[in-house]
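Since the structure comes first, as structure tokens, the remarks are kept for the end.
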Amino acid sequence: MKDSTTDPIGQNLIKVISNVCFSVFVFSVLIITVIAITYQPPDPWESSRALTRVFTQVENATFKVDNSVLRTGEDVASSPIEAPAGVFTLVPITEAIIEKSEENLSNETLKSGCEDVNVVNCSDPRVLFTIERFNLKTFKSIAFLDYRTPVNGSKPNECDVAWRFRNKKERSWRKYRDFRRFKIGFTDDCSYKVVHAGRWHSGVNARRPRIRVNSTRTSTRAKIAPPVIDEEINDTIPIMGSDSDFKNGRYLYYSRGGDYCKGMNQYMWSFLCALGEAQYLNRTFVMDLSICLASSHTSSHKDEEGKDFRFYFDFEHLKETASIVEEGDFHKDWRKWNKAHKKKISVRKVKDYKVSPDQLLKDKSTIIWRQFDAPEPENYWYRVCEGPSAKYIQRPWHAVWKSKRLMNIVTEISGSMDWDFDAVHVVRGEKAQNKALWPHLDADTSPDSLVTKLQGIITPWRNLYVATNEPYYNYFDKLRSHYKVHLLDDYNYLWSNTSEWYNETTQLNGGSPVEFDGYMRVEVDTEVLYRAKSRVETFYNLTKDCKDGINTC
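According to the UniProt record's numbering, the sequence shown is numbered sequentially starting from 1.
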């Protein structure tokens, strides 16, 4: 006989489960409803503020001193930056492109049999294909853009070849050059193969002819290399044009403010505020190319005026992405117009940064002249972009790239290690001496400590680039027993008085030599560090001290 008590128990169990599930459902709906009511959509300006915070942590008019290298537009681009209109760019060479080129060869071009294995015809297209494949396999971090036809090396089985390339870690569209010597051999089926590849810039016969500048100057100084020009750099000052062009233009002019002789980060923070306002007002910005380098980056330990913007940043790229005119030419044309015409150029002088860009938007004056005569910090340019103005003035970070001349040095250093190196960033200097803010830094970056810690991170006998502010060259000698150590000073020939950098900057500076100063050193050091296959940082890797001092992590 069936037990009549089992049915009510089963039914009750089902009801309990149903009630629990329904309660969970109702509770979930309630939570979602509350979230929907209280949810605040993202601030549409937040993305720009987030980008701004990448470059600096400025929150108010008190600017924190930062001696690190300024991050520029190419550092934060998520993908390679497109070239501006009118600039021809090259598609990176791939295996598919090589195969397509091989298919296009006629049968008459192909050699049948190994007629002479001791002599290589460097002009044979298959030699270039072989070298292209070798480079693709060997240098995976490089995008190869184009090659010149190989030429004979110093021996019958050697070929020199030059190419242009871009490092995949660099987000700009700029191109660099290398030329190497290859020893070519034959496989069993008489195909070409690379037996040995030379190092950076070893293929001297393939080096392009240099453009030399005629100079009639004589000097009692030691002989230096004749001036040469990198024809891919065009940082000439743009010409204003005719009087009518000047009169019809609209300009934004900033007088020199309290930012002058401050750190490079504050300089650029203010400069891009001014450039952003000019773009907002649809005006040409009047630019002072003279920079005052702060004492923290000078060998004299004093502020040094008269530095050229073009020593540190890519003026060609700036000209292509922003409307600018050089201050000296601007003043000449302004005086010329006022002298030749009864009707003077209209000028609106703005004496207070509190006059917002929005208030100037409809102004018809030819020149809007912001003057910064108040005491610090009221005379900082970047004050213009604070408060409500920050909502509509966008700093054009994309317009500022690092100097191509300095990046050429970065490329030379990285290329000399065949792009196959690791790096460690060792911060010492004043921070290592300040035990109050960085109690462990000095000990954690001592020679013995560095050897112990790096042995657990970097494979022995790898190329190890040490980016550092430690002034003593031999400080890292103990690492040389375990790694192939490279320091920036190992490459000082790249800015010596026989270098391309020296020749080009001397010409840019009106014939006066330019010092390879502390900021340039930091800039090059940092960029080489970024190109390493693996990177070890001082803070968070070598020491538990916080980057900005105790209790700031």
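We put the beta carbon where it would ideally sit given N, CA and C, even for glycine.
Worksheet item: Would you report the Cα separation of E504 and F315, rounded to the nearest angstrom?
Response: Here residue 504 is taken as the residue at index 504 of the sequence shown, counted from 1. Here residue 315 is taken as the residue at index 315 of the sequence shown, counted from 1. When rounded, the distance between both Cα atoms is 14 Å.
Worksheet item: Is Y483 buried or exposed, if buried means 16 or more other CB atoms sit within 10 Å of its CB?
Response: The sequence position of residue 483 within the sequence shown is 483, counting from 1. Y483 comes out buried.
Fill in: Residue of S481, F421 and F330 minimising C-alpha distance to R531
Here residue 531 corresponds to residue number 531 of the sequence shown, with the count starting at 1. If we check each option's Cα against that of R531, F421 comes out closest.
Item to complete: Taking all protein chains shown into account, decide if E412 is buried (16 or more other Cβ within 10 angstroms of its Cβ) or exposed.
Response: On the sequence shown, position 412 is the one that residue 412 refers to. Burial of E412 is indicated by the presence of at least 16 other C-beta atoms within 10 angstroms of its C-beta.
Worksheet entry | Paired residues, beta bridge with K402 - DSSP | Stepping through the sequence shown from its first residue, residue 402 is reached at position 402. K402 is bridged to F313.
Fill in: Supposed close pair M264, Y519 - CB separation, criterion 8 Å
Translated into positions along the sequence shown, residue 264 becomes position 264. Translated into positions along the sequence shown, residue 519 becomes position 519. That pair is a contact at about 6 Å.
Discussion item. What would DSSP say about F411, mapped onto helix, strand or coil?
Written reply: In the sequence shown, residue 411 corresponds to position 411, counting from 1. One detail in the question is off: residue 411 reads as Thr in this sequence, not Phe. T411 falls in the helix class under three-state DSSP.
Worksheet item: Can at least three beta-carbon pairs, one atom from the segment 287-296 and one from the segment 367-374, be found at a separation below 8 Å?
Response: In short, these stretches do not touch, since the Cβ pair count stays below three.
Worksheet item: What is the residue span of the beta strand (DSSP E) that H196 lies within?
Response: For the purposes of this step, residue 196 is identified with residue 196 of the sequence shown, where counting begins at 1. Run containing H196: Y192 to A197, per the beta strand (DSSP E) assignment.
Worksheet item: Three-state secondary structure (DSSP) at E376?
Response: Position 376 of the sequence shown, counting from 1, holds the residue named residue 376. Note: E376 maps to coil in three-state DSSP.
Discussion item. Quick check: the Cα distance between K391 and G276, rounded to an integer number of angstroms?
Written reply: Locating residue 391 in the sequence shown gives position 391, counting from the first residue. Locating residue 276 in the sequence shown gives position 276, counting from the first residue. Near 12 Å, if we compare the C-alpha coordinates of G276 and K391.
Discussion item. Between the alpha carbons of E500 and R180, how many angstroms are there, rounded?
Written reply: Reading the sequence shown from its first residue, position 500 is the one you call residue 500. Reading the sequence shown from its first residue, position 180 is the one you call residue 180. The alpha-carbon atoms of E500 and R180 are separated by roughly 19 Å.
Discussion item. For C122, which residues in the same chain have their Cβ closer than 7 Å to its Cβ, ignoring the five residues on either side in sequence?
Written reply: Working through the sequence shown from its first residue, we reach residue 122 at position 122. The answer, listed in chain order, is P150, V151, N152 and C159.
Worksheet item: In whole angstroms, what separates the C-alpha of F144 from that of F516?
Response: Start at 1 with the first residue of the sequence shown, and residue 144 comes out as number 144. Start at 1 with the first residue of the sequence shown, and residue 516 comes out as number 516. Cα to Cα, the separation comes out at about 30 Å.
Worksheet item: Can you give the Cα-Cα distance for P41 and S446, rounded to whole angstroms?
Response: One-based indexing of the sequence shown puts residue 41 at position 41. One-based indexing of the sequence shown puts residue 446 at position 446. With a pLDDT of 37 at P41, under the threshold of 50, the modelled position of this residue cannot be trusted, and the question is left open.
Fill in: Assigned secondary structure, G456 (DSSP; H/G/I helix, E/B strand, else coil)
Position 456 of the sequence shown, counting from 1, holds the residue named residue 456. It is coil, neither helix nor strand.
Practice prompt. Give the DSSP bridge partners of I368, in chain order.
Written response: Walking along the sequence shown from the start, residue 368 turns up at place 368. In DSSP, I368 forms a bridge with L252 and R348.
Fill in: the segment 325-333 contacting the segment 241-253, beta-carbon criterion three pairs below 8 Å
Verdict: yes, contact present.
Item to complete: Out of R405, N157, D490 and A274, point me to the one whose CA is closest to N379's CA.
Response: For the purposes of this step, residue 379 is taken as the residue at position 379 of the sequence shown. Checked all of R405, N157, D490 and A274; the closest Cα to N379 is A274.
Discussion item. Using 8 Å for Cβ pairs, my map puts E170 next to G258. What's the rounded Cβ distance?
Written reply: Against the sequence shown, residue 170 aligns to sequence position 170. Against the sequence shown, residue 258 aligns to sequence position 258. Contact between E170 and G258 fails: their C-beta atoms lie close to 34 Å from each other, not under 8 Å.
Worksheet item: In whole angstroms, what is the alpha-carbon distance linking T298 and R521?
Response: The residue you call residue 298 lines up with position 298 of the sequence shown. The residue you call residue 521 lines up with position 521 of the sequence shown. In this structure, the straight-line span from the alpha carbon of T298 to that of R521 is close to 11 Å.
Worksheet item: Span of the alpha helix (DSSP H) holding D525?
Response: As a working note, residue 525 is residue 525 in the sequence shown. In the DSSP assignment, D525 falls within the alpha helix (DSSP H) that extends over G518 to Y530.
Discussion item. Using CA atoms only, rank isn't needed, just tell me which of W495, P460 and Y473 is closest to S481.
Written reply: If you number the sequence shown from 1, residue 481 lands on position 481. Taking only the C-alpha atoms, the option nearest S481 is P460.
Worksheet entry | Cα-Cα separation between K351 and Q359, rounded to whole angstroms | In the sequence shown, the residue the question calls residue 351 occupies position 351. In the sequence shown, the residue the question calls residue 359 occupies position 359. Each residue's Cα considered, the two are about 14 Å apart.
Worksheet item: What's the gap between the Cα of E102 and the Cα of R133?
Response: As a first step, residue 102 is located in the sequence shown; it is residue number 102 there, counting from the start. As a first step, residue 133 is located in the sequence shown; it is residue number 133 there, counting from the start. Rounded to whole angstroms, the separation of the alpha carbons of R133 and E102 is 12 Å.
Item to complete: Look up N463 in the DSSP assignment and say whether it is helix, strand or coil.
Response: Residue numbering aside, residue 463 sits at position 463 when the sequence shown is read from its first letter. The three-state secondary structure of N463, taken from DSSP, is strand.
Worksheet item: When DSSP labels each residue in this structure, what does S48 get in the three-state scheme?
Response: If you number the sequence shown from 1, residue 48 lands on position 48. Caution applies to S48, whose pLDDT of 36 falls short of 50 and renders its modelled position unreliable; the value that the coordinates give is listed next. Correct three-state label for S48: helix.
Worksheet entry | Neighbour-count burial assignment, D477, 16 or more Cβ in a 10 Å radius | If you number the sequence shown from 1, residue 477 lands on position 477. Exposed is the call here.
Worksheet item: Among T506, D146 and A96, which has the Cα closest to the Cα of N497?
Response: One-based indexing of the sequence shown puts residue 497 at position 497. Taking the Cα of N497 as reference, the smallest distance to any Cα among T506, D146 and A96 is reached at T506.
Discussion item. Could you compute how far the alpha carbon of R283 sits from the alpha carbon of P238?
Written reply: Sequence index remark: in the sequence shown, residue 283 carries index 283 (1-based). Sequence index remark: in the sequence shown, residue 238 carries index 238 (1-based). Across the structure, R283 and P238 are spaced so that their CA atoms are roughly 16 Å apart.
Worksheet item: According to the neighbour-count rule (16 or more other Cβ atoms, all chains shown, within 10 Å of its Cβ), is S452 buried or exposed?
Response: In the sequence shown, the residue the question calls residue 452 occupies position 452. In the sequence under discussion, the amino acid at residue 452 is Thr, which differs from the Ser named in the question. Counting Cβ neighbours within 10 Å, T452 comes out exposed, since fewer than 16 surround it.
Worksheet item: If you run the structure through DSSP and keep just helix, strand and coil, what is I131?
Response: Indexing the sequence shown from 1 puts residue 131 at position 131. Residue state for I131 is assigned as helix, using DSSP reduced to three classes.
Practice prompt. Quick one: residues in its chain with C-beta nearer than 6 Å to the C-beta of D545, no 5 flanking neighbours on either side, listed in chain order?
Written response: For this step, residue 545 is matched to residue 545 along the sequence shown. Around D545: W438, H440 and L441.
Fill in: Buried versus exposed call for G511 [16 or more other C-beta atoms within 10 Å across all chains shown]
The residue labelled residue 511 in the question sits at position 511 within the sequence shown. Exposed, since its Cβ has fewer than 16 Cβ neighbours within 10 Å.
Practice prompt. Use the C-beta contact count for S18: other C-beta atoms within 10 angstroms, 16 or more gives buried, fewer gives exposed.
Written response: The residue you call residue 18 lines up with position 18 of the sequence shown. By the 10 Å Cβ count, S18 comes out exposed.
Fill in: Contact set for N551: own chain, Cβ-Cβ below 8 Å, skip 5 residues either direction
Locating residue 551 in the sequence shown gives position 551, counting from the first residue. Closer than 8 Å at the Cβ level, and outside the excluded window around N551, lies no residue.
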